[in-house]
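Shown next, in structure tokens, is the structure this report addresses.
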Amino acid sequence: MSVKRAVFFISDRTAITAETFGHSLLIQFDDVDFQKITLPFIDSLWKAQDALEQINDAREHTGSRPIIFSTIVNSQVRKLILSCEATVVDLFDAFIGPLEEELRVQPTLGGSSHPSAGEELDVRINAVNFALTNDDGITTKNYDKADVVLVGVSRTGKTPTCLYLGLQYGVYAANYPLTEEDLLIEYRKIPGVLQPYRNKLYGLTINPDRLQKIRAARRPTGRYSSLEQCQKEISLAEFLYVSKNIPYLNITTMSIEEIAATVMHKSKLQRRIF
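In case it helps, our numbering puts the sequence shown at residues 1 to 274.
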């Protein structure tokens, strides 16, 4: 029987960092049944007091000390959270001290040089709108503004990756589908509409058997979802990538997050938001 432990992800902002960091550690412990609770926007003492009550209730319910992953900046709120009967993993305590010692500069703990929430929201909205407007080759007239143009055959994750790049990084990502017509009529050539932007191209590919399953879920019958067709399109697309020195990535076993991070790294793109 697995052990039950309550885990809280607490922040005075979205708690995404606390969740991500905490989850990466918790998955190392398979034999523990973690009951996860996220408490974002704990930015005042009265909200912190409510959080403490939830933490204490969880301790009584499970009979064990809760675990807390915290990214709270406000010193008074942090002090209150640290006073509870729990194991607190405070990311600021863990990392600010060593950085302060190394940099020999007092931390502001306010992120004054960080873009405002409103500015970040504008960047996200503009980047996501760009991805939607320039999805699936709808138009190529805006490609000069793109940071990257993803190319690949149908159902290779181009659209969700572009949206993720816009939402999480503020990157302007367009995508263009390589159709059978593109790959055969313009054999060994980059499609004409993409030629002016060849330095922005990044290819996505996938194992044919996996592509066949994805396409079959959408359209069970017909040539589109046959294994033979998938093999043909993937072979032609990969030949194009190699012959024209287009960097590309096999996404078969990758999550959208991993695809986006790899594209960012390999293309040397700079994120606009954090």
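Note that beta-carbon positions come from the ideal geometry of N, C-alpha and C, so glycine has one too.
Quantities reported herein were computed from a predicted structural model and do not represent experimental measurements.
Coarse secondary structure for residue i, derived from DSSP in three states
i      : result
Arg188 : coil
Val153 : coil
Ile138 : coil
Asp147 : coil
Thr205 : strand
Ile273 : coil
Ile246 : coil
Ile37  : strand
Gly22  : helix
Ala15  : coil
Pro220 : coil
Thr133 : helix
Asp43  : coil
Gly118 : helix
Ile125 : helix
Ile251 : coil
Span of the beta strand (DSSP E) around residue i
i      : result
Phe8   : 3-10
Ser70  : 67-70
Tyr176 : 173-177
Gln28  : Here Gln28 belongs to no beta strand (DSSP E), and DSSP marks it neither H nor E.
Tyr164 : Taken as a continuous stretch (DSSP letters only), Tyr164 belongs to no beta strand (DSSP E), being part of the alpha helix (DSSP H) at 158-164.
Proximity below 8 Å, CB of residue i to CB of residue j
i      : j      : result
Leu39  : Gln76  : no
Asp33  : Val3   : yes
Gly152 : Gly192 : no
Arg155 : Leu211 : yes
Tyr172 : Phe130 : yes
Val148 : Leu249 : no
Leu165 : Val89  : no
Glu233 : Glu181 : no
Ser243 : Arg188 : yes
Leu163 : Arg124 : no
Arg78  : Ser70  : yes
Gln54  : Ile37  : yes
Tyr197 : Tyr143 : yes
Arg218 : Cys230 : no
Pro107 : Glu100 : yes
Ile246 : Leu183 : no
Asp12  : Asn74  : yes
Alpha carbon of residue i to alpha carbon of residue j, nearest angstrom
i      : j      : result
Pro160 : Ile185 : 28 Å
Lys158 : Ile251 : 10 Å
Glu228 : Asp209 : 9 Å
Ile72  : Ile42  : 8 Å
Ile81  : Ile273 : 28 Å
Leu194 : Ala15  : 40 Å
Pro66  : Asn56  : 8 Å
Val128 : Pro177 : 19 Å
Asn207 : Thr139 : 28 Å
Phe21  : Met254 : 20 Å
Leu150 : Thr17  : 28 Å
Asn199 : Gln35  : 47 Å
Ile175 : Glu85  : A small fix is needed here, since residue 175 is Asn in this sequence, not Ile. Whole-angstrom Cα-Cα distance: 51 Å.
Phe29  : Tyr241 : 41 Å
Gly170 : Ile190 : 27 Å
Glu258 : Thr87  : 31 Å
Ser64  : Leu25  : 19 Å
Ser83  : His23  : 23 Å
Gly97  : Val105 : 10 Å
Leu52  : Ile10  : 11 Å
Phe95  : Glu19  : 17 Å
Lys213 : Asp122 : 38 Å
Phe92  : Gly118 : 24 Å
Unbroken alpha helix (DSSP H) run spanning residue i, endpoints
i      : result
Tyr241 : 227-243
Lys266 : 256-266
Any chain C beta carbon closer than 8 Å to residue i
i      : result
Ala261 : Here chain C cannot be found, since the structure has a single protein chain.
Worksheet item: What residue ranges within the segment 50-110 form continuous beta strand (DSSP E) runs of no fewer than 3 residues, ordered along the chain?
Response: The segment 50-110 contains these whole beta strand (DSSP E) runs: 67-70, 87-90.
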